[in-house]
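For the sequence shown, this note's numbering begins at -8 and goes up steadily by one.
Idealized CB from N, CA, C, for every residue including glycine.
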Amino acid sequence: MKLTISKFKNSLFSTAAVALFALTSNGQTTINFGYTGGSQSWTVPQCVTSMTVTVAGASGAGNAYGQTGGNGAVVTGTFTVSPGDVYQINVGGAGQNPNPGWNGGGSGQLSNIGGYNSGGGGGASSISIAPFGLNNRIIVAGGGGGAGGGDNAGAGGSGGCGSGASIFGGYGSPGTGGTQSSGGIGGNPYAAGGGVGVNGSLGQGGAGGDDSNVSQSPGGGGGGGYYGGGGGGSDYIGFSSAVGGSGGGGGSSLVPAGGGCNQGVNSGNGYVSITFFGGLTATAANTGPYCEGDMIQLNGTGGVNYSWTGPNGFVSNLQNPTIPACTVADSGTFTLVVSDPTCPDTDTATTLVVVRPMPNVDPTADQTLCDGSSTAAVYFTGTVPNTNYNWTNTNTGTGLAAAGLGDIASFVGTAPLITEISTITVTPSLNGCVGTPDIFTITVLLDPTLTLSNDTTICENGTANLVATGIAGGGAPYIYNWDFTPSTVGTQSVSPTSTTTYSVYVESASGCTSATSSVTVTVLDGLSGTISAYDTICPGYPTNV
């Protein structure tokens, strides 16, 4: 499990150590320190009296034409320690092209030909005691030298044990490796006027020689170490090919009494590993952040007995306790105190638990409207500020999009063929917490349809029955607007004295209206004439009436 140490006893350094804890069944703890680009620190736990360490230097940088930088050395040792002692851990960084690796790597140089830069030396890795100067180091693993620049350059020397390595190649002379008493010597250029590599020094590799005449084929930087390697000498010619500076020398190592060393075996960044038995090193962690309602999982290591305290009255003697259905009140700093019956002391660690409020959405009222009408805008609200409201819509036939974020603006509802219903689900979310969705509907009603009796003809003083029937559009009861006079009756009896056209539209119970229809009642003129008072006729003869 990868952890970040956030608690040091009497820590003097601001850079937190990133370490991998591996606690075995026999009480052995190993802490691995990786490269951070800054100093790290470690405090000896209570009841620990000895530590075994492995320290690896970083490698130097190669060049673009395949010449490699030297690898770093790996040094081991065992030391007697006292609880509460503070050690500074410096993990060397790998050399770049042309930049040096952190913690003593010598700088490479730029070239005016692309890809001809020389490599920087790798940084040393070390452990030191207060006051943490170069002379306070108790173990050092040397870094490798950087390769020279150019297409025919020399490789960097590897970080060594007693002395760093030096590799001949290129057209200058390579920097020599650092020793137990002095830095490596900088290499000479190919010809007079070229750049001389800088000598190494205590803890510092020398810079590579700069091909100052034509700035094409510089030397590589020396590796950092107990004493740093010298920088490589440059080439000194204006050719654009078959040129190359020499590599930097490797840094030396400081091997403690009874310790071991392997030259040139580590590639890349350096590392430091500390192993000890017993002791108390409390670590506290949690699996958050959490949302309200989640289960908080606290994790502790480093002791035999565990005592947790925290916000909201929390206490537990479990190593890895849980808090089900957490609330915002459970947020805050939880403190773990570890103890061991065999060690007369305790150690303390803390972990910050973050419980985020669960967002919610207030209920939204359903809407029902007629085809062609505008909806009311929907504004989502809840009790948690800055909540995001994502919504989905099951039916775009109403005129609403399939999905969206935030409030729903007013839109014109559509239902040209059938009544359309959108079921909308809105889900509140914030900072990874997803609340309970709300569901509401928007119904767009099909406008009612009106059927009307046909045009008709009546005689003077006659009566016509006009029949209008409404269907759909939200259903009955319907209001029939005959010539804009509302009536609940769809049948009208009319007795016009002349031909008349009547108009009508129907309105459903939901307020939806049909198109206006009309029917014409034609009135025939009445019969007229005179009848004489009397007349005499013979059989078979006509007469006028």
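Does the distance from the C-beta atom of residue i to that of residue j stay below 8 Å?
| i | j | result |
| --- | --- | --- |
| C334 | C252 | no |
| V514 | Y493 | no |
| I237 | G223 | Per the sequence shown, the amino acid found at residue 237 is Ser instead of Ile. Taking 8 Å as the Cβ cut-off, S237 and G223 qualify as a contacting pair. |
| V35 | V66 | no |
| G150 | Q254 | yes |
| G161 | N190 | no |
| G145 | G60 | no |
| G163 | G110 | no |
| G185 | N204 | yes |
| N339 | T326 | The sequence shown places Thr at residue 339, not Asn. Going by C-beta atoms, T339 is nearer than 8 Å to T326. |
| V346 | C317 | yes |
| D446 | V510 | yes |
| V44 | I130 | yes |
| D429 | T476 | no |
| A467 | A500 | yes |
| V435 | S444 | no |
| G140 | G114 | no |
| Q171 | Y217 | yes |
| L391 | N381 | no |
| T440 | I462 | yes |
| F431 | Y262 | no |
| D357 | A406 | no |
Going by beta carbon distance, what residues of the same chain come within less than 6 Å of residue i, once the five residues before and after it are set aside?
| i | result |
| --- | --- |
| G240 | G136, G148, G155, S157, G166, T167, G168, G175, G213, G220 and G221 |
| N260 | Y26, A49, G84 and A85 |
| T460 | T442 and G481 |
| G517 | E451 |
| Q100 | P89, S109, G199, D201 and P209 |
| T383 | A394 and T416 |
| S98 | P91, G111, A198 and G212 |
| Q58 | A138, A144 and A146 |
| S330 | G294, N296 and T337 |
Identify whether residue i lies in helix, strand or coil by the three-state DSSP scheme.
| i | result |
| --- | --- |
| V72 | coil |
| F12 | Caution applies to F12, whose pLDDT of 41 falls short of 50 and renders its modelled position unreliable; the value that the coordinates give is listed next. Looking at F12 - three-state DSSP - the assignment turns out to be strand. |
| N127 | helix |
| A367 | coil |
| A320 | helix |
| G461 | strand |
| G388 | helix |
| L396 | strand |
| G301 | strand |
| Q483 | strand |
| T507 | coil |
| G517 | coil |
| E451 | coil |
| A340 | strand |
| N379 | strand |
| N456 | strand |
| D437 | This sequence places Leu at residue 437; Asp is not what is there. Note: L437 maps to coil in three-state DSSP. |
| T372 | coil |
| V187 | coil |
| Q195 | strand |
| E498 | strand |
| V315 | In the sequence as displayed, the identity of residue 315 is Pro instead of Val. Note: P315 maps to coil in three-state DSSP. |
| N472 | strand |
| L3 | Because L3 sits at a pLDDT of 27, beneath the cut-off of 50, its placement in the model cannot be relied upon, and the point is left open. |
| C529 | coil |
| V512 | strand |
| S478 | strand |
Leaving aside the five residues before and after residue i along the sequence, list all residues of the same chain whose C-beta is less than 7 Å from its C-beta, in chain order.
| i | result |
| --- | --- |
| P350 | G373, V375, T378, P419, S420, L421, C424 and G426 |
| P302 | A320, D321, S322 and G323 |
| G28 | G84 and W93 |
| E498 | Y469, I470, N472 and T504 |
| P74 | V35, P36, Q37, C38 and V39 |
| Q310 | G291 and Y297 |
| A455 | T447, I449, V485 and V512 |
| D474 | Y493 and S494 |
| I104 | Q207 and S231 |
| N17 | With a pLDDT of 48 at N17, under the threshold of 50, the modelled position of that residue is not reliable, and the figure given next carries that caveat. Around N17: no qualifying Cβ. |
For residue i, I'd like the list of residues in its chain whose CB is within less than 8 Å of its CB, leaving aside the five on either flank, ordered along the chain.
| i | result |
| --- | --- |
| M42 | V35, T69, F70, V72, I265, T266 and F267 |
Would you call the stretch 394 to 407 and the stretch 365 to 373 in contact, with 3 or more CB pairs under 8 Å?
Per the Cβ contact rule, the stretch 394 to 407 is in contact with the stretch 365 to 373 (3 or more Cβ pairs under 8 Å).
Would you say the stretch 87 to 102 touches the stretch 269 to 283, given that touching needs at least three Cβ pairs under 8 Å?
A contact is defined here as three or more CB-CB pairs under 8 Å, and the stretch 87 to 102 fails this definition with respect to the stretch 269 to 283.
Please specify which runs of the beta strand (DSSP E), each continuous and at least 3 residues long, are wholly inside the stretch 219 to 281, giving them in chain order.
Within the stretch 219 to 281, the complete beta strand (DSSP E) runs of at least 3 residues are 251 to 257, 262 to 268 and 274 to 277.
Beta strand (DSSP E) segments (min. 3 residues) lying fully within the stretch 17 to 100
Qualifying beta strand (DSSP E) stretches, in chain order: 19 to 24, 31 to 34, 41 to 47, 63 to 71 and 77 to 81.
Check whether the stretch 241 to 249 touches the stretch 296 to 315, taking contact to mean three or more Cβ pairs, one atom from each stretch, closer than 8 Å.
Touching, no, given that fewer than three Cβ pairs across the two stretches are closer than 8 Å.
3-residue-minimum beta strand (DSSP E) runs that sit fully inside the stretch 98 to 174, ordered along the chain
Segments of the beta strand (DSSP E) lying fully in the stretch 98 to 174: 116 to 119 and 128 to 132.
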